[in-house]
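**Q**
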Amino acid sequence: MSLGEIVTIGLVVKAGWTELIRKKEGKIMAEKAAEKAYELGKHYEKTYRGCSQCAIAALQDVFDIRDDAIFKSATGLSGGASMATDGSCGAYVGAIMILGALLGRERDNFGDPEGIRFKTHQLAGKFRKKFIDEYGSVVCRDIQTKVMGRPYYLPDPEEYEKFHNAGAHDIYCPEVVGKASRWMAE
C-alpha cells in the first residue's frame, strides 16, 4: 500500500491526516446537505405552499428527522403568521423550529442549568443575520417588499390573487424558503 493510499483511506492518524480527511469529507457532506435543503425548500413551496412547513419538511428530509408534530405545529405560521404578513417570515420561523428541535432545551430540563437555550439563541442569531443581510428584515411584509417591490395583505382574497399572479409561489417565496432551508442546513 502506498503512502497516498494510506492517507486517502485515513489511516495516518499520527500525522493528523485522518482528521483532515474527516473535515474535508464533512465539509463536502455539509455543502451537499445545504444544496439539497435549498432545492427541497424551493420545490415544496412551489408545489405545496406554506413557507413554514416547506422549510421544516426540507430540513427534516435532509437530516432524516421527520416529526409530524413539529410539521403540523407550523400550519398557521405562513405569511408572517395567519397570512397577515406583519409577523416573522414563515420560512425563518420554520427553520428555527428545526434548530430548536435538534439543539433546544427539553421539557425534562426546563430549568436549563447548562444554558442550552442560550447556545440555541446564539445559533438562531447567526441565522437571523443571514436574513437581515439578504432581505433587511425577518418580517414577511418587509421581505415581500424587498423581493416583490411591495407587500401584500394575504387574508384579502384580491390581494392574495395579486400576490400569486405576481409570481409569489413560482419565483419569490420558493427562493426565500430555499435560502432559509440552505442557511439552516449550513
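If you count the sequence shown from 1, you need to add 79 to reach the numbering used here.
Note that beta-carbon positions come from the ideal geometry of N, C-alpha and C, so glycine has one too.
1. Contact between the segment 157–172 and the segment 200–220 is defined here as three or more beta-carbon pairs at a separation below 8 Å; is this criterion met?
2. Report the option in H200, P234 and E240 whose CA atom is closest to the CA atom of P155.
3. For V218, write down the residues that DSSP places opposite it in a beta bridge.
4. Please report the straight-line C-alpha distance between K115 and I222, rounded to a whole angstrom.
5. Mind checking whether C219 and G129 have CB atoms under 8 Å apart?
6. How is Y123 classed by DSSP in three states: helix, strand or coil?
7. Report the three-state DSSP secondary structure of Y239 (helix, strand or coil).
8. Please confirm whether L178 and S260 have their CB atoms less than 8 Å apart.
9. For E240 and Y231, what's the separation of their Cα atoms in angstroms?
**A** Result, derived from the coordinates:
1. Yes: the two stretches touch, three or more of their Cβ pairs being nearer than 8 Å.
2. Note that residue 155 corresponds to Gly in the displayed sequence, not to Pro. Out of H200, P234 and E240, the CA that lies nearest to the CA of G155 is found in P234.
3. Within the DSSP bridge table, the entry for V218 names S167 as partners.
4. Spanning the two alpha carbons is a distance of roughly 23 Å.
5. C219 is not a Cβ neighbour of G129, given a cutoff of 8 Å.
6. The answer is helix: DSSP assigns Y123 an H, G or I state.
7. Y239 falls in the helix class under three-state DSSP.
8. For L178 and S260, no; Cβs fall outside 8 Å.
9. CA-to-CA, the gap between E240 and Y231 works out to about 10 Å.
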